[in-house]
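K.L.:
Dropping the structure in here first, questions after.
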Amino acid sequence: METFRAFLNDFVVPDQTGQPFYLHVLDQMAVSEARYLNLDASHLREYDLTLYTNMCSFPQEVVPMFDYVVSSLSAERFGEEGDVNIQVRPFRLERSIGVRELGPRDIEVLVSVQGMVVRTSSVIPDLKSAFFCCISCKATERVEVDRGRIAEPLVCKRCKVSRTMELIHNRCIFADKQMIKLQENPEMIPEGQTPYSVLMFAYDDLVDSVQPGDRVEVTGIYRATPMRVNPRQRAQKALFKIHIDVIHFRKTDKRRFQRTDTADQTAPVLEEDTENVVNYGANQVERLVALSRTPDIYDRLTKALAPGIWELDDTKRGLLCLLFGGAPKSLAAHGRARFRSDLNILLCGDPGTSKSQLLQYVHKIAPRGIYTSGKGSSAVGLTAYVTRDPETRQLVLESGALVLSDGGVCCIDEFDKMPEATRSVLHEAMEQQTISVAKAGIICSLNARTSILAAANPRESRWNPRASIVDNIQLGPTLLSRFDLIYLILDTPNEILDRRLARHIVSLYQESGEDRTEDGMSLETLSEYISYARKHFNPVLTNEAALLLVAGYVEMRKAGGNKHTITATPRQLESLIRISEALARMRFSETVDEGDVHEALRLVRVALQQAATDPSTGLVDISLLTTGQSTSARSVIVAVSEIMREIVYDMKEPAMTTHQMMTQVQSRTDIIVNPELISAAASILQRDGVLLFSEDQRIRRL
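Next comes the structure, spelled out in structure tokens:
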């Protein structure tokens, strides 16, 4: 105890002022009225290796001693009266392991484990101090809980009568307790093996400090609890149940930028805990602000995103807008619950055009999220599924990929190969950003405030320029219309471009492999920049920018000319607003100016020209994305249906084949007629009650 008190009084961080570090922390705790001290174990190891070893080997005995020393020191320092109970929470142990490496040697030892939270339970009352009363003489006795066990008094101390002590629940002391399931990080799983998981219990203010999907480093005591063969017998099984009693949570992976919502922030940590960046130092803020004031910051950010992928600048700019995101806002006063601020982007095109690499890069720097493949995903795997809790044997809800990605980015590769039943669950998540569940008596609405970045290949492996995007990738128009930006990445042979691309790929193999761009912006700097922008800037539209948005939207609507072609819908206007706000965040600006709107209009026009161009007319037609058919295609079907209507009225036979109908229609029009066109026109006439189109491909007059 004296050694630890000396450590608190004397330890000084080398790079800071000569003031004792933990005394300064105690001063801050007195101001904020915090009741926990985050202890950097590396400091203790540097000061006294023996004390550090004793803490790791005997945490059950040593950590409470630390609590007593800190509590008494705080009472002496600030003259506090009454019981002062400050908890010491060590973290950053020398040995940090994965879930798979936990073994018998770690039992009752302080461990540091890395993983991803996949499930959290509701708050459970945990008995800390039991209160007993004798039913004979009304004598009372309080018993403290020791390692989860209650030593129930068998004999009353006053009347000496056995088995008369009764537990009085409303006089007992309870604490909050939460059960958390920690699973191995996906990148730590060996090839060909399934992920391991471990059960954890968090107490008091550590409850609800982490959410499913968080990547954390947990410091706690590894426990092994015996199981009885029969609850009424003292015989125990040879197998023990294992869990971790959590002492400290720490967010990991500083390469990922931070979330902006308060639900993601755990209990305050030491200023030295740089991997859980919530507050930025003065030097760091000054460096980021200076970077934002460079005139070419937009181009530098574009080059910093996936520097190993050549060109695709407009695609990278769209992905930057997805990472920065729009400003969150609520329109409840106008009857709308939530305004979506996250962007959804679809990358589609020929194989081998870096679509999957772009997804991997975005997943690497997103704050949280899941990377999945379309063929290996199910509807419940994306949303939520019901399972039975192994502890309580009750039905509980396990979060799927979209819910685990709440506040981050969900990357879905091979989107075109996803079953239709699986894709149908994305409609609600992509627009309302919720997942509604009604299974096994569990009815709830889960948050899925995530950006969706998807990649799809053409149906025929190569992109068909004579077909629309709906025909190329076989995605429903209701789903396509929910993407803010759709980029086509095509592999067009060009000797000059091919030579430059080959030189770029060869140069990547010659470099040292450091993840740094030519301008010197590393991945960590990019992540810090995005994180700071999302945390501190929520730009609003100026009057000039709002007028320009209205004018640009009206101009896009007029682009169809007199051909009755729809080139934009209100969804495109909302996308323009989100992209403009993301561009303003890139400049660390509190307002959206006209330059942001001009660039947003350009990005949307580029994406629409690629994805929503009618191959038969060469014009942009948003109907391709909203209905699956262009205006010109619909007009052709209507024209053919009118010719078929006349033919049916003139029919003398009770029925005719599709081939006969196609021949007669072709003789009356210059339109190239095929069986699909006849089938589409026949569906219109059947809906109008003119004819019956049977399964044997015969047309009968009604």
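Going by the UniProt record's numbering, the sequence shown opens with residue 1, and the numbers climb by one from there.
Beta carbons: idealized from backbone N, C-alpha and C, even for Gly.
On a predicted model such as this, the values are computed, not experimentally measured, just so you know.
1. Report yes if the CB atom of residue 322 is closer than 9 Å to the CB atom of residue 409, and no otherwise.
2. Can you round the beta-carbon distance between residue 422 and residue 382 to whole angstroms, since I take them to be within the 8 Å contact cut?
3. Please go through the region 156-198 and give each complete beta strand (DSSP E) segment of 3 or more residues, from N-terminal end onward.
4. Tell me whether residue 456 sits in a helix, a strand or coil according to DSSP, three-state version.
5. Could you give the distance in angstroms between the alpha-carbon of residue 689 and the alpha-carbon of residue 463?
6. Nearest to residue 37 by alpha carbon, out of 21, 200, 49?
7. Could you give the DSSP three-state label for residue 472: helix, strand or coil?
8. Mind reading off the beta-carbon distance from residue 177 to residue 203? Whole number of angstroms is fine, and I expect it under 8 Å.
9. Does the count of Cβ pairs from the region 440-456 and the region 395-412 closer than 8 Å reach three?
10. Mapping DSSP to helix, strand and coil, what is residue 654?
11. Classify residue 417 as helix, strand or coil using the three-state DSSP reduction.
12. By how many angstroms is the C-alpha of residue 347 removed from the C-alpha of residue 664?
13. Would residue 483 be called buried (16 or more neighbouring beta carbons within 10 Å of its own) or exposed?
14. Using three-state DSSP, classify residue 140 as helix, strand or coil.
15. Between the Cα of residue 95 and the Cα atoms of 86, 108, 89, 114, which residue gives the shortest distance?
16. Going by DSSP in three states, residue 464 sits in which element: helix, strand or coil?
17. Counting along the chain, where does the beta strand (DSSP E) carrying residue 19 start and finish?
18. In the DSSP assignment, the alpha helix (DSSP H) including residue 44 goes from what residue to what residue?
19. Quick check on residue 438: does DSSP put it in helix, strand or coil?
20. In the DSSP assignment, what residue or residues form a beta bridge with residue 85?
21. Under the criterion of a Cβ to heavy atom distance below 8 Å, does residue 698 qualify as lining the ligand HEM?
22. Suppose the cutoff is 7 Å on Cβ atoms and the five residues either side in sequence are ignored; what does the same chain contact list for residue 100 look like?
23. Just the C-alpha distance for residue 703 and residue 286, rounded to the nearest angstrom, thanks.
24. What are the boundary residues of the beta strand (DSSP E) that residue 130 is part of?
25. Around the Cβ of residue 644, are there at least 16 other Cβ atoms within 10 angstroms (buried) or fewer (exposed)?
26. Run through the DSSP bridge pairs and tell me what residue 242 is partnered with.
27. Compute the beta-carbon to beta-carbon distance between residue 174 and residue 126, rounded to the nearest angstrom, for a pair I have assumed lies under 8 Å.
28. To the nearest angstrom, how far is the alpha carbon of residue 316 from that of residue 486?
29. Pick out whichever of 542, 573, 578, 547 has its Cα sitting closest to the Cα of residue 557.
30. Verify whether the separation of the beta carbon atoms of residue 489 and residue 355 is less than 9 Å.
31. Does the distance from the CB of residue 326 to the CB of residue 530 come in under 9 Å?
32. Could you tell me which of 659, 466, 386 sits nearest to residue 442, measuring between CA atoms?
33. Could you please give me the residues that DSSP links to residue 200 through a beta bridge?
34. If distances are taken between C-alpha atoms only, which option among 653, 676, 647, 425 comes closest to residue 668?
35. Assuming residue 362 and residue 411 are in contact, meaning their beta carbons sit under 8 Å apart, how far apart are those beta carbons, in whole angstroms?
36. Excluding five sequence neighbours on each side, which residues of the same chain lie with their C-beta closer than 7 Å to the C-beta of residue 252?
P.N.:
Taking the definition as stated:
1. yes
2. At roughly 6 Å, the Cβ-Cβ gap stays under 8 Å, so residue 422 and residue 382 are in contact.
3. As summarised for the region 156-198, the continuous beta strand (DSSP E) elements at least 3 residues long and confined to that stretch are 165-167, 173-183, given in chain order.
4. strand
5. 39 Å
6. 21
7. helix
8. Taking the Cβ atoms as the reference, residue 177 lies roughly 6 Å from residue 203, within the contact range of under 8 Å.
9. yes
10. coil
11. DSSP places residue 417 in helix when its eight states are reduced to three.
12. 43 Å
13. buried
14. strand
15. When each option's Cα is compared against that of residue 95, the closest is 114.
16. In the structure shown, residue 464 falls within a coil segment according to DSSP collapsed to helix, strand and coil.
17. For residue 19, there is no enclosing beta strand (DSSP E), as DSSP marks it with neither H nor E.
18. Looking at the DSSP string, the run of the alpha helix (DSSP H) that includes residue 44 is 41-47.
19. strand
20. Looking at the DSSP assignment, residue 85 forms no beta bridge with any residue, so it has no partner.
21. Because no ligand of any kind appears in the structure shown, any question about the ligand HEM cannot be addressed here.
22. 184, 196
23. Nothing in the structure corresponds to residue 703, since the chain is present only between 1 and 702.
24. 124-134 is the span of the beta strand (DSSP E), which, as asked, contains residue 130.
25. Burial of residue 644 is indicated by the presence of at least 16 other C-beta atoms within 10 angstroms of its C-beta.
26. 224
27. Right, their Cβ atoms sit about 6 Å apart.
28. 12 Å
29. 573
30. yes
31. no
32. 386
33. DSSP lists 180, 244 as the beta-bridge partner residues of residue 200.
34. 647
35. 6 Å
36. Around residue 252: 114, 215, 216, 217, 275.
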